[in-house]
Amino acid sequence: MDLRGKKVLVTGAEGFIGSHLTERLVELGADVTALVQYNSFNNWGWIDTFDKEVLNSIKVETGDIRELDGMNRIIKGQEVVFHLAALIAIPYSYLSPMAYVRTNVEGTTNVLEACRNHDVQKIIHTSTSETYGTALYVPIDEKHPMQGQSPYSASKIGADKMAESFYRSFNMPIATLRPFNTYGPRQSARAVIPTIISQILAGKNEIKLGSLTPTRDFNFVKDTAEAFIKVAESDRTIGEVINAGSNYEITIGDTVKKIIDIIGKDVKIICDEERIRPEKSEVNRLWADNTKIKELTDWAPRYSIDEGLAETVAWIRENMKHYKPDIYNV
């Protein structure tokens, strides 16, 4: 599928990954509608920071995926839907599990139902590596069992299964992309990499983190956005669940060391009990097998961890106004 000229909707377009994907779709010549969550301030999230040329190239719709009538109205006439809208913060899912069910499971179902009602040509549903839980074997391929180790991951498992059911029950053209640990410019401090960087750049000599021993398969956001594009373009991805990862694992502790080297300031790490997940909920190891996405598309990660971290540090340094390093953001 050639996305040039296609009527494309991105849900969650105001967010971290969604905003990068929206910009990339504009570059490719797609006719982009950006769905942002309705709010009385008319705040469009990261879309408000777009260059005027990009902003003038998209249509912005406000709505809520938890509301089916709105999804039918917004999705009518769209040819491709990238569904990224979700509640994603793991710590907050411990505080409000039902919010995750309503947004991630029920909201996804509304998007899928609206896509079915209006014969959308391709739907790319967003999963997460958190659905795998702690690795039972590595690298993690798409056949790895799913484990609901947090209310967030359980809600995403539910959303993934709804997507699978719509493909199997209604023969809908759905592909599920499962990104591993995306990071980069615009990511909020609820995630570990911007938490580390923003605390150091704020001048702190001691930074607070959770556990340093878990491993992650970190992926730069521009690589993740490109994975969405490649999965959409390939007809071979329909009905498939597909990892997007680097096939490289690194501990949180070693990630801290890389960031310290880039910034050039030594700091002391404080283990903050508030930031540690419950024992049975912690995902101790994530390492992606990316064989399948390479077989089905021509995608491969372009950014090394060092290149991606350097670009992220530079961006956060210029945009510290978006961060509150003294507050633990769940």
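Everything in the sequence shown is counted per my numbering, starting at 2 for the first residue and increasing by one.
From the three backbone atoms N, C-alpha and C, an ideal C-beta is built for every residue, glycine too.
Small disclaimer: the values here were computed from a predicted structure and weren't measured.
Check the C-beta distance from residue i over to residue j and give it rounded, since I have them as a contact under 8 Å.
{"i": "residue 98", "j": "residue 130", "result": "Incorrect: roughly 20 Å between the Cβ atoms, too far for contact."}
{"i": "residue 104", "j": "residue 67", "result": "6 Å"}
{"i": "residue 79", "j": "residue 9", "result": "7 Å"}
{"i": "residue 198", "j": "residue 314", "result": "6 Å"}
{"i": "residue 35", "j": "residue 59", "result": "5 Å"}
{"i": "residue 155", "j": "residue 4", "result": "Their Cβ separation, rounded to whole angstroms, is 33 Å, which puts residue 155 and residue 4 out of contact at 8 Å."}
{"i": "residue 253", "j": "residue 174", "result": "Not quite, the Cβ-Cβ distance comes to about 38 Å (not below 8 Å), so this is no contact."}
{"i": "residue 332", "j": "residue 261", "result": "Because the chain here runs from 2 to 331, residue 332 falls outside it and cannot be looked at."}
Going by Cα to Cα distance, which pick from the options is closest to residue i?
{"i": "residue 20", "options": "109, 8, 2 and 45", "result": "45"}
{"i": "residue 281", "options": "135, 139, 83 and 242", "result": "135"}
{"i": "residue 85", "options": "47, 70, 127 and 256", "result": "127"}
{"i": "residue 142", "options": "151, 245 and 36", "result": "245"}
{"i": "residue 219", "options": "88, 199, 324 and 195", "result": "195"}
{"i": "residue 241", "options": "296, 262 and 205", "result": "296"}
{"i": "residue 1", "options": "233, 148, 115 and 217", "result": "Since the displayed the chain opens at 2 and closes at 331, residue 1 lies outside it and no answer follows."}
{"i": "residue 327", "options": "206, 261 and 25", "result": "206"}
{"i": "residue 320", "options": "203, 59, 299 and 284", "result": "203"}
{"i": "residue 243", "options": "291, 213 and 251", "result": "291"}
{"i": "residue 165", "options": "191, 110, 323 and 63", "result": "110"}
{"i": "residue 76", "options": "238, 112 and 65", "result": "112"}
{"i": "residue 81", "options": "229, 251 and 264", "result": "229"}
{"i": "residue 144", "options": "303, 311, 325 and 293", "result": "293"}
{"i": "residue 132", "options": "152, 114, 115 and 116", "result": "152"}
{"i": "residue 150", "options": "6, 11 and 283", "result": "283"}
{"i": "residue 2", "options": "29, 24 and 11", "result": "29"}
{"i": "residue 251", "options": "267, 279, 193 and 169", "result": "193"}
{"i": "residue 170", "options": "49, 188, 61 and 114", "result": "114"}
{"i": "residue 50", "options": "187, 175, 69 and 65", "result": "187"}
{"i": "residue 185", "options": "7, 11 and 18", "result": "18"}
{"i": "residue 227", "options": "33, 311, 248 and 302", "result": "302"}
{"i": "residue 42", "options": "33, 32 and 63", "result": "63"}
{"i": "residue 47", "options": "223, 311 and 189", "result": "189"}
{"i": "residue 22", "options": "106, 263 and 221", "result": "221"}
{"i": "residue 178", "options": "208, 300 and 102", "result": "300"}
{"i": "residue 56", "options": "72, 32 and 38", "result": "32"}
{"i": "residue 224", "options": "212, 247, 209 and 61", "result": "247"}
{"i": "residue 287", "options": "65, 269 and 147", "result": "147"}
{"i": "residue 168", "options": "116, 37, 208 and 61", "result": "116"}
{"i": "residue 208", "options": "37, 258, 106 and 11", "result": "258"}
Taking the beta carbon of residue i as the centre, do at least 16 other beta carbons fall within 10 Å, making it buried, or is it exposed?
{"i": "residue 172", "result": "exposed"}
{"i": "residue 318", "result": "exposed"}
{"i": "residue 138", "result": "exposed"}
{"i": "residue 40", "result": "exposed"}
{"i": "residue 271", "result": "exposed"}
{"i": "residue 289", "result": "buried"}
{"i": "residue 13", "result": "buried"}
{"i": "residue 214", "result": "exposed"}
{"i": "residue 182", "result": "buried"}
{"i": "residue 231", "result": "buried"}
{"i": "residue 298", "result": "buried"}
{"i": "residue 237", "result": "exposed"}
{"i": "residue 256", "result": "buried"}
{"i": "residue 52", "result": "exposed"}
{"i": "residue 335", "result": "Past the boundaries of the shown model lies residue 335; the chain is included only from 2 to 331, so the question cannot be answered."}
{"i": "residue 24", "result": "buried"}
{"i": "residue 108", "result": "buried"}
{"i": "residue 70", "result": "exposed"}
{"i": "residue 54", "result": "exposed"}
{"i": "residue 322", "result": "exposed"}
{"i": "residue 16", "result": "buried"}
{"i": "residue 325", "result": "exposed"}
{"i": "residue 7", "result": "buried"}
Going by DSSP, name the residue or residues bridged to residue i.
{"i": "residue 244", "result": "179"}
{"i": "residue 32", "result": "8"}
{"i": "residue 251", "result": "217"}
{"i": "residue 286", "result": "216"}
{"i": "residue 116", "result": "Residue 116 pairs with nothing; no bridge assigned."}
{"i": "residue 84", "result": "12 and 126"}
{"i": "residue 271", "result": "209"}
{"i": "residue 184", "result": "221"}
{"i": "residue 60", "result": "34"}
{"i": "residue 141", "result": "289"}
query: Can at least three beta-carbon pairs, one atom from the stretch 109-127 and one from the stretch 90-99, be found at a separation below 8 Å?
result: The stretch 109-127 makes no contact with the stretch 90-99; the number of CB pairs closer than 8 Å stays below 3.
- request: Check whether the stretch 158-175 touches the stretch 303-310, counting contact only when three or more Cβ pairs, one atom from each stretch, lie closer than 8 Å.
  value: no
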